[in-house]
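*Asks:* Numbering of the sequence shown is given in our numbering, commencing with residue 461 and proceeding in unit increments.
A virtual CB, placed ideally from N, CA and C, is assigned to each residue, including glycine.
The structure displayed is predicted, hence computed values, not measured ones.
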Amino acid sequence: MSQIAQEAARRRTFAIISHPDAGKTTLTEKLLLFGGAIQFAGAVKGRKAGRHATSDWMELEKQRGISVTSSVMQFPYRDSIVNLLDTPGHEDFSEDTYR
461 MSQIAQEAAR RRTFAIISHP DAGKTTLTEK LLLFGGAIQF AGAVKGRKAG
511 RHATSDWMEL EKQRGISVTS SVMQFPYRDS IVNLLDTPGH EDFSEDTYR
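(1) If you count every other CB in all the chains shown that lies within 10 Å of the CB of Pro548, and 16 or more means buried, which is it?
(2) Does the separation of the CB atoms of Arg470 and Ser540 fall below 9 angstroms?
(3) For a quick check, are the C-beta atoms of Leu545 and Ile498 less than 9 angstroms apart?
(4) When you compare only the Cα positions, how much space is there between Gln534 and Gln523?
(5) Alpha carbon to alpha carbon, what distance is there between Ala468 and Ser462?
(6) Which of the three DSSP states, helix, strand or coil, is assigned to Gln499?
(7) So which of Pro480, Phe500, His479 has the shortest CA-CA distance to Glu489?
(8) Return the bridge partner residues of Gln534 from the DSSP annotation.
(9) In terms of residues, what are the limits of the beta strand (DSSP E) holding Ala475?
(10) So Val542 packs on Gly483, CB below 8 angstroms; how close in whole Å?
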């Protein structure tokens, strides 16, 4: 097996897709925490919350406690590389993710 094929075989991609307020970003934070990518899980909160979700990087997302854009995070886990895709709950975004 070539080196490229070996690297591709190590990859695992998870896309979290659901309706609004189903807990997609909360699940993303837990996967990052338990996968060892972050030390503390953030929360999906608006206004002046203490620790915001890692995937909510835009100022608007932090202020309102909503996901506006899709976020992709990558981290090593055991012998694999995990790609984690967190999407907003809007129908338009889900269709793009399925493609």
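*Replies:* Concretely, from the data shown:
(1) Position 88 of the sequence shown holds residue 548. Buried, since its Cβ has 16 or more Cβ neighbours within 10 Å.
(2) On the sequence shown, position 10 is the one that residue 470 refers to. On the sequence shown, position 80 is the one that residue 540 refers to. Yes.
(3) What you label residue 545 is simply residue 85 of the sequence shown in a count that begins at 1. What you label residue 498 is simply residue 38 of the sequence shown in a count that begins at 1. When the beta-carbon positions are compared, Leu545 and Ile498 stay at least 9 angstroms from each other.
(4) Residue 534 sits at position 74 when you count from the first residue of the sequence shown. Residue 523 sits at position 63 when you count from the first residue of the sequence shown. One C-alpha to the other measures close to 25 angstroms.
(5) Taking the first residue of the sequence shown as position 1, residue 462 is located at position 2. Taking the first residue of the sequence shown as position 1, residue 468 is located at position 8. Looking at the two C-alpha atoms, the distance is approximately 10 angstroms.
(6) Translated into the one-based positions of the sequence shown, residue 499 becomes position 39. It is coil, neither helix nor strand.
(7) Along the sequence shown, one-based indexing puts residue 489 at 29. Closest in C-alpha terms to Glu489, from the list Pro480, Phe500, His479, comes Phe500.
(8) Numbered from its first residue, the sequence shown carries residue 534 at position 74. In the DSSP output, where bridge partners are listed per residue, Gln534 has Asn543.
(9) The residue given as residue 475 occupies position 15 in the sequence shown. Where Ala475 is concerned, the enclosing beta strand (DSSP E) starts and stops at 471-476.
(10) Position 82 of the sequence shown, counted from the first residue, corresponds to residue 542. Position 23 of the sequence shown, counted from the first residue, corresponds to residue 483. Val542 to Gly483, Cβ: 19 angstroms. No contact.
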